[in-house]
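Per the working numbering, the sequence shown starts with residue 5, numbered consecutively. Every residue, glycine too, gets a C-beta built ideally from N, C-alpha and C.
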Amino acid sequence: MDRIVVRGNGPLSGTIPISGAKNAALPLMIASLLTDEPLELTNVPRLADVVSLEAILANHGVDSLIKGKRFGESGMSGRTMQLQAKEIVDTNAPYELVRKMRASFWVIGPLLARCGEARVSLPGGCAIGTRPVDLFLESLRALGAQIDVDGGYVNAKAPSGGLKGGSYTFPKVSVGATHVMLMAASLASGTTTIKNAAREPEVVDVADCLNAMGAKISGHGTSTITVEGVTSLKGASHAVLPDRIETGTFAACVAMTGGDVMLKGADGSLLRAALDVLERTGTTVEETEGGIRIARNGGVIQPVDIVTDPFPGFPTDLQAQFMSLLTRADGVSHVKETIFENRFMHVQELARLGANIAIDGQTATITGVNRLSGAPVMATDLRASMSLVIAGLVADGETEVNRVYHLDRGFEKLEEKLSAVGADIERIGSD
Ligand code: UD1
């Protein structure tokens with residue numbers, strides 16, 4: 005299994021291109037199931053999750069074609085992918101395919117809407133909490149679907165005549181269930197109202213793409229979304245928005261090491277809460293037309309308190325990375341996780357590097373230390389893995405991050421991007 009070795013190596017400087025967002029690319033790819041015409045997506049990141057989803061979609065009859073190889077050519081990452089589901093050949097999504105990635109469960113929405121039925125295995129994904137699917141089932145029931153769960157599978161059936169518009173108020177904000185309801189309601193008859201919908205930028209990106217495909221969605225980006233159902237959707241071309249989690253992660257790297265780095269193609273409006281926190285740590289954040297400049301030249305890292313929340317709050321997907329930054333702050337910080345109940349698994353690994361973190365329920369208290377020291381550590385989930393890399397960037401000696409397949413799920417060309425700005429980081433392949 006590959007490992008990543010990082011050696012503390014001083015400030016970073018230069019430019020890092022920001023990739024297309026994984027969390028938008030995945031539901032956008034799934035949206036291709038809604039039409040028999042081609043859906044072209046540009047700025048798709050090269051990630052293990054994208055490849056896994058291609059296999060899952062192929063099983064349902066989606067042909068995917070990668071056009072051109074643009075990484076590094078224009079300074080921007082990403083490539084163009086054309087997906088076409090001329091015919092849905094299978095409405096089953098088996099356990100072997102779905103278990104790897106939670107988002108693959110989301111095929112239930114478009115399959116049900118287009119074919120009137122779907123049988124989808126309960127999902128897997130990062131082990132960061134129980135992550136049930138009750139909200140998906142209740143919201144699809146609001147569109148008239150009949151659903152039962154049996155033997156690890158969800159069996160869903162639309163009423164004769166197809167899904168019907170309805171109204172549903174999410175008791176809790178769910179990004180995935182909002183995506184699924186949007187896709188299902190787009191092909192339902194009549195109007196659907198989704199209340200307490202997720203406002204994440206990736207939901208807005210998917211709604212914009214569905215509208216380009218002929219859907220009639222309004223209110224996306226607010227907590228009430230209205231969908232007027234249409235009878236069919238057509239092909240479209242859509243550019244995946246920049247990855248705000250990758251942006252915040254590299255920003256945390258620079259805040260940790262010091263230096264001056266331009267995050268090219270990043271959009272500050274997608275991560276305002278995280279940028280505010282960075283500024284409070286004493287980091288310079290400068291938004292320009294081409295991206296975001298992050299700099300910290302001298303000066304200590306100021307301690308801050310963070311609470312994760314649905315968008316526009318501080319994203320849970322940046323919690324581990326910012327906690328890593330705060331391990332070197334000049335004082336005591338607190339990080340409260342409100343989205344997932346088991347998302348502190350990186351804490352014990354950070355402790356191996358010398359961090360001083362105490363957990364009480366959903367709150368971590370981080371007492372800054374002067375020095376971290378390299379050690380072998382284990383990546384536990386996708387974003388948590390990056391917290392170890394960030395700590396490794398300033399630790400004395402060598403930090404060896406094992407189980408890097410987690411990183412490959414969500415960070416495109418990580419070692420190349422960080423090496424290009426001066427980090428001492430390399431991947432060591434398994435023999
Ligand atoms: C998405 C993101 C993930 C991010 C998360 C929260 C993708 C591919 N993944 O995950 O990176 O960390 O949003 O911003 O976009 N819940 C239920 N019942 C359900 C569904 C969810 O209780 O049926 C709970 C979850 O356990 C969690 C909370 O709702 O506590 C939010 O989860 P949700 O927004 O659904 O996360 P995902 O869409 O899986």
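Endpoints, alpha helix (DSSP H) assigned at Ser389: Leu386 to Gly396
Helix, strand or coil for Asp264 per DSSP? strand
Which runs of the alpha helix (DSSP H) at least 4 residues long sit entirely within the stretch 267-295? Give them in chain order. 276-284
Can you tell me where the alpha helix (DSSP H) holding Glu41 begins and where it ends? Run containing Glu41: none; DSSP gives neither H nor E here.
Kindly identify the DSSP beta-bridge partner or partners of Gly24. Pro246
For Ala201, the three-state DSSP class (helix, strand or coil): coil
Considering only the beta carbon of each residue, do His410 and Leu386 sit closer than 8 Å? yes
Heavy atom of the ligand UD1 less than 7 Å from the Cβ of Val137, yes or no? yes
Pick out the complete alpha helix (DSSP H) segments inside the stretch 319-369, 4 residues or longer, and give them in chain order. With a minimum length of 4 residues, the continuous alpha helix (DSSP H) runs that stay inside the stretch 319-369 are 323-330 and 350-356.
Assign Leu167 to one of three DSSP states: helix, strand, or coil. coil
Let me check one thing: in DSSP terms, what residues is Ile305 bridge-paired to? Paired residues: none, contrary to the question.
Ignore the nearest five residues each way along the sequence and tell me which others in Leu2's own chain have a CB closer than 6 Å to its CB. For the chain, the structure presents residues 5 to 435; residue 2 sits outside this window and is missing.
Grab me the residues of Glu204's own chain with a C-beta within less than 6 Å of its C-beta, minus the 5 sequence neighbours each way, in chain order. Val179 and Phe315
In terms of residues, what are the limits of the alpha helix (DSSP H) holding Thr95? It is not in any alpha helix (DSSP H) - Thr95 carries neither H nor E in the DSSP assignment.
The stretch 13-23 touching the stretch 59-68, judged by at least three CB pairs closer than 8 Å: no
Pull up the distance between the alpha-carbon of Gln517 and that of Ala270, whole angstroms please. Beyond the ends of the chain as shown, which are 5 and 435, falls residue 517; an answer cannot be given.
Taking the C-alpha atoms as reference points, what is the distance between Thr39 and Tyr157? 25 Å
For Thr226, the nearest candidate out of Gly14, Arg276, Gln366 and Val177 (CA to CA): Val177
Over what stretch of residues does the beta strand (DSSP E) that includes Asp6 continue unbroken? Where Asp6 is concerned, there is no enclosing beta strand (DSSP E), given that its DSSP letter is neither H nor E.
Could you tell me which residues DSSP pairs with Leu69 in its beta bridges? Gln86
How about Arg413 and Leu51: do their beta carbons lie closer than 8 Å? yes
Tell me whether Asp212 is buried or exposed, calling it buried when 16 or more other Cβ atoms sit within 10 Å of its Cβ. buried
Give me the DSSP bridge partner(s) of Leu16. Gly263
So Ala359 and Thr342 are supposed to be a Cβ contact under 8 Å. How far apart are they, rounded? About 22 Å separates the two Cβ atoms, so there is no contact after all.
Within 7 Å: the Cβ of Leu30 and any heavy atom of the ligand UD1? yes
If we call anything under 8 Å between Cβ atoms a contact, is Val408 one with Ile8? yes
Do the stretch 241-251 and the stretch 269-289 touch if we need at least three Cβ pairs shorter than 8 Å? Contact holds: three or more Cβ-Cβ distances are below 8 Å.
Measuring straight from C-alpha to C-alpha, what distance separates Phe174 and Ile229? 12 Å
Cα-Cα separation, Gln86 to Asp321: 28 Å
Proximity winner among Thr251, Gly378 and Pro114, relative to Pro31 (alpha-carbon distances): Pro114
Give the straight-line distance between the Cα atoms of Ile132 and Leu418, rounded to the nearest whole angstrom. Per-residue confidence for Ile132 stands at a pLDDT of 46, beneath the threshold of 50, marking its modelled position as unreliable; the derived number appears in the next sentence. Distance between the alpha carbons of Ile132 and Leu418 is about 22 Å.
Please identify the residue among Gly14, Ala399 and Met349 whose C-alpha is closest to the C-alpha of Met382. The shortest CA-to-CA distance from Met382 to any of Gly14, Ala399 and Met349 is the one to Met349.
Around the C-beta of Met26, are 16 or more other C-beta atoms found within 10 angstroms, so that it is buried, or is it exposed? According to the sequence shown, residue 26 is Lys rather than Met. Counting Cβ neighbours within 10 Å, Lys26 comes out buried, since at least 16 surround it.
Buried or exposed (CB count within 10 angstroms, at least 16 for buried), Ser222: Answer is exposed; the Cβ neighbour count stays below 16.
Do Thr403 and Leu357 have their CB atoms nearer than 8 Å? Closer than 8 Å, so yes.
Host beta strand (DSSP E) of Asp152 (start-end): Gln150 to Asp154
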